[in-house]
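Structure, as structure tokens:
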Amino acid sequence: MKKLFLAKQATKLTAGQIDRRQFVMSALAAGVVLPSALSMADKAIAATPKKGGLLRQGMAHGGTTDSLDPATYENSMMTGIGFAYGNCLTEVGPDGALRPELAESYESSDAKTWVFNLRQGVEFHNGKTLTADDVIASLNHHRGEDSKSAAKGLLAPIVSMKADGANRVVVELDAPNAGFPFIVSDYHLVIMPSVDGAVDAQAGVGTGGYVLENFEAGVRSTFKRFGNYWKEGTAHFDELEMLSLLDTTARQNAIMNGDVDVIDRVDPKTVALLARVPTLSILEAAGTLHYTMPMRVDAAPFDNYDLRMALKYSIKRQELVDKILLGHGQIGNDHPISTANQYHAADLAQREFDPEKAMEHYKKSGHSGTIQLSASDAAFAGAVDAAQLVAASAKEVGIDVEVVREPSDGYWSNVWNKKPWCTCYWGGRPTEDWMYSSAYTADTEWNDTAWRDTPDAKRFNEIVIAARAELDEAKRRSMYFETQQLIHNDGGAIVPMFANHIHALSKNLVHDEQVAGNWELDGGKNTERWWFA
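Under my numbering, the residue at position 422 of the sequence shown is numbered 422, and the numbers go up by one with no gaps.
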């Protein structure tokens with residue numbers, strides 16, 4: 001009874017119905033000693049979101065080739081920008097569960113026809129009221145034969161979309177997909193205002209908590225709070241400033257000097273150092289983030305199965321976790337599905353460093369000479385060092401790997417998804433189908449291994465499509481086990497490690513106890529979920 005009473009009093013305190021003195025007096029009357037009563041009051045007040053302030057965040061991504069067009073978003077900087085000015089139909093909450101966003105609700109009787117009921121009275125930054133036409137035009141922006149959108153593959157199953165009145169959108173798929181509501185929370189699928197069935201994708205106008213004021217690609221972006229934001233109790237800051245700080249040391253110095261309030265991608269090597277700074281705290285979140293080294297199977301020598309297997313067996317995964325992540329993560333098994341996913345293939349045998357098997361496959365491949373691995377810390381903190389470790393372990397089995405250090409600026413447009421072998425990261429996705437549709441299915445632009453035409457790749461695509469419609473959980477689990485096995489064996493992805501999201505932030509910055517791990521910075525939503533004490 002006492003706990004319930006104090007909880008109610010804390011609610012009244014944070015709602016402004018009683019002041020701090022009244023709370024303390026009521027706690028004393030309930031038998032709480034004075035120091036504890038004062039501490040409880042301070043904790044309740046600190047946990048109450050406050051409006052105001054300029055949030056400055058230093059981010060490990062951003063390039064001069066970045067564009068405001070959501071179809072082109074390819075890094076955490078653009079994810080943060082998109083979620084600051086815009087919303088999607090659904091969103092992933094801090095607990096990893098899906099919840100409605102611009103869609104007030106969604107429903108389907110067969111997982112093939114989905115109805116999204118839109119919130120009414122939602123306003124775009126240009127004054128336009130959200131309607132079904134805006135949703136349809138925004139999603140269509142990523143579809144069509146000429147589309148180069150990274151979300152094209154995600155939306156490929158859509159057969160038709162139509163408005164059923166101003167506030168209902170009916171989406172027809174080519175086959176049942178129980179996870180489709182997850183798909184429309186993807187950060188590319190920001191809803192934009194439409195005119196005559198088309199959107200201005202470069203305008204940076206949305207329904208989000210902040211109005212974009214200035215965008216300098218690869219440098220900085222600034223925002224001001226949107227006074228008519230529909231989502232109550234969120235978007236607490238008056239202003240935002242997002243700074244592209246690709247260099248790990250520059251980010252570290254910026255947070256230590258108080259030039260920014262939060263940084264992402266803290267180098268595991270500096271976690272202990274930053275944790276000793278009295279004004280800072282470390283926020284770490286485990287999730288689906290993984291570091292990869294994609295080999296394009298449409299380019300020599302990676303079109304050779306035995307060459308790919310030789311490289312997979314020549315990597316010391318635990319060494320990478322120990323020396324690059326310093327224990328802030330776990331080893332991967334050459335597929336992208338983490339232990340945080342529902343259908344993770346825990347029984348799939350873990351691939352280890354095996355010199356004998358590596359040499360056997362390398363001999364069968366018939367390859368000789370140097371293999372180039374392009375690397376940059378733009379991919380992830382320590383990517384160049386990780387590539388050097390891969391080269392060193394490959395040398396032990398007679399494979400000559402040359403590490404090519406690439407410039408950070410332009411890495412994602414000039415190297416990734418173009419050069420035959422490089423370092424990369426994936427934030428991962430909450431569902432298996434979403435992860436596959438983003439990076440592994442034949443129809444996605446972001447299939448960075450170009451794994452499409454081998455017999456196993458074709459089998460993989462067939463299973464992915466079938467699994468979407470399979471509602472029997474045991475059967476679905478078995479299907480997803482096979483998909484992970486196919487990537488593990490035949491795919492071009494080397495996935496040596498899953499990494500925790502590590503942030504450093506000012507102790508004046510407050511967040512809920514649970515933060516999302518699907519992407520950095522509370523799933524890219526920290527600008528609307530966090531506040532200053």
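Cβ atoms here follow ideal geometry from the backbone N, Cα and C, with glycine treated the same way. These figures come from a predicted structure and were not determined experimentally.
Query, Result
"Spell out whether any CB of chain C is found under 7 Å from the CB atom of residue 131.", "As a matter of chain content, chain C is missing from the structure shown, which is built from one protein chain."
"Quick one: what's residue 449 bridged to in DSSP?", "Answer is none; residue 449 lacks a bridge partner."
"With distances taken from CA atoms, which of 239, 235, 198 is nearest residue 214?", "239"
"With 16 as the cutoff for other CB atoms within 10 Å, does residue 112 come out buried or exposed?", "buried"
"Can residue 533 and residue 508 be called in contact, C-beta distance under 7 Å?", "yes"
"Closest to residue 373 by C-alpha separation, out of 526, 404, 392, would be which residue?", "404"
"Please go through the same chain and pick out, in chain order, the residues whose beta-carbon is closer than 6 Å to the beta-carbon of residue 349, but skip the five residues on each side of it.", "none"
"Span of the alpha helix (DSSP H) holding residue 98?", "Not the alpha helix (DSSP H): residue 98 falls in the beta strand (DSSP E), residues 98 to 100."
"By alpha-carbon positions, which one of 488, 24, 21, 129 ends up nearest to residue 336?", "488"
"Who does residue 215 pair with in a DSSP beta bridge?", "221"
"On the DSSP letters alone, give me the boundaries of the alpha helix (DSSP H) that residue 414 sits inside.", "411 to 414"
"Does DSSP put residue 50 in a helix, in a strand, or in coil?", "coil"
"Which of helix, strand or coil does DSSP assign to residue 361?", "helix"
"Could you tell me if residue 280 is buried or exposed, where buried requires 16 or more neighbouring beta carbons within 10 angstroms of its beta carbon?", "buried"
"Have a look at the DSSP bridge pairing and note the partners of residue 158.", "173"
"Hey, which unbroken runs of the beta strand (DSSP E) at 3 residues or more fall wholly within the region 452 to 499?", "493 to 499"
"Is the region 293 to 302 close to the region 246 to 263, with three or more CB pairs under 8 Å?", "no"
"Cβ atoms of residue 76 and residue 261: under 7 Å apart, would you say?", "no"
"Among 57, 73, 35, which residue has its Cα nearest to the Cα of residue 438?", "73"
"Could you check whether residue 236 and residue 51 sit closer than 7 Å to each other, using their CB atoms as the reference points?", "yes"
"Whose CA, out of 502, 492, 456, lies closest to the CA of residue 486?", "456"
"Closer than 6 Å by C-beta to residue 117: which residues in its own chain qualify, once you throw out the five before and the five after it? Chain order, please.", "104, 105, 168"
"I'd like the ranges of any beta strand (DSSP E) spanning at least 3 consecutive residues and lying wholly in the region 284 to 345.", "290 to 294, 329 to 331"
"From the DSSP output, which residues share a beta bridge with residue 210?", "225"
"What does a CB cutoff of less than 6 Å around residue 268 pick up in its chain, not counting 5 residues either side in sequence?", "325, 326, 328"
"Rounding to the nearest angstrom, what Cα-Cα distance links residue 391 and residue 225 in this structure?", "48 Å"
"Anyone know if the C-beta pair for residue 359 and residue 397 falls short of 7 Å?", "yes"
"Comparing alpha-carbon positions, which option in 158, 218, 264 lies nearest residue 173?", "158"
"What is the DSSP secondary structure of residue 370, counted as helix, strand or coil?", "strand"
"Would you say the region 50 to 67 touches the region 27 to 41, given that touching needs at least three Cβ pairs under 8 Å?", "no"
"Of the choices 58, 140, 179, 82, whose alpha-carbon is the least far from that of residue 212?", "82"
"Would you say residue 269 touches the ligand ADP, meaning its beta carbon is less than 6 Å from a heavy atom?", "Judged by which ligands are present, the structure shown has none, so any question about the ligand ADP falls away."
"Assuming contact is defined by CB atoms lying nearer than 7 Å, are residue 60 and residue 223 in contact in what I supplied?", "no"
"Compare the beta carbon distance of residue 536 and residue 394 with 7 Å and say whether it is the shorter of the two.", "No statement about residue 536 is possible, as the shown extent of the chain runs from 1 to 533 and does not include it."
"Does the beta-carbon of residue 408 have 16 or more other beta-carbons within 10 angstroms, so that it is buried, or is it exposed?", "buried"
"Which residue from 275, 258, 338, 371 puts its Cα closest to that of residue 535?", "It is not possible to answer for residue 535, since the shown part of the chain is limited to 1 through 533."
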